[in-house]
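*Asks:* Below you'll find the structure I mean.
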Amino acid sequence: MQQTRLIPLASFLGADLIVVGLGAVLLLRPDWLSYQAELAGREWSELEPAIQQLWLGQQKMLGSALLAVGALIAVVLYYPFRRGEYWSRWALLLAGSWQAAGALGVLYHQ
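Numbering (our numbering), first residue to last: 3 to 112.
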């Protein structure tokens with residue numbers, strides 16, 4: 003591998019580890035995160051069971067999506083990006099952009 007690709011490889015790999023870590027946390031967590039309780043002003047146990055199921059379902063879907071994108075990025079980094087294939091740069095950019103666009107869409111949807 004050329005030296006010029008080491009910095010982008012390390013950058014994408016670092017970002018990918020964050021994505022996979024967050025996906026695993028969301029997928030395996032049995033309730034919501036502490037900052038979410040602060041925002042809602044309620045504890046997890048105060049929610050109705052139907053709301054808990056809905057929340058956990060959405061949380062697990064997001065966690066699964068993050069893991070899937072993380073796996074895609076890891077495969078593209080390991081094989082075509084290391085070989086210097088031109089299209090792999092665009093694949094990495096698009097995978098990250100789709101993920102960010104989806105997260106921002108949910109965040110700012112009113």
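Heads up, the beta-carbon is just placed ideally off N, CA and C, and yes, glycines get one too.
So the candidates are Trp100, Gln60, Ala76; which of them puts its Cα closest to the Cα of Ala17?
*Replies:* Ala17 has its Cα closest to that of Ala76, out of Trp100, Gln60, Ala76.
*Asks:* Can you name, in chain order, every residue of its own chain whose Cβ lies under 7 angstroms from the Cβ of Phe14, other than the five neighbours on each side?
*Replies:* Excluding sequence neighbours, Phe14 sits near Ile75, Leu79, Leu94.
*Asks:* Nearest to Ser66 by CA position, among Glu50, Gly25, Tyr81, is which residue?
*Replies:* The shortest Cα separation from Ser66 among Glu50, Gly25, Tyr81 belongs to Gly25.
*Asks:* With a threshold of 16 other CB atoms inside 10 Å of the CB of Trp100, please say whether the residue is buried or exposed.
*Replies:* Burial call: exposed.
*Asks:* Looking at Trp57 and Trp34, is the spacing between their C-beta atoms short of 8 angstroms?
*Replies:* Yes, these two residues count as a Cβ contact at 8 angstroms.
*Asks:* What three-state label does DSSP hand Glu87 in the structure shown?
*Replies:* Three-state DSSP puts Glu87 in coil, outside helix and strand.
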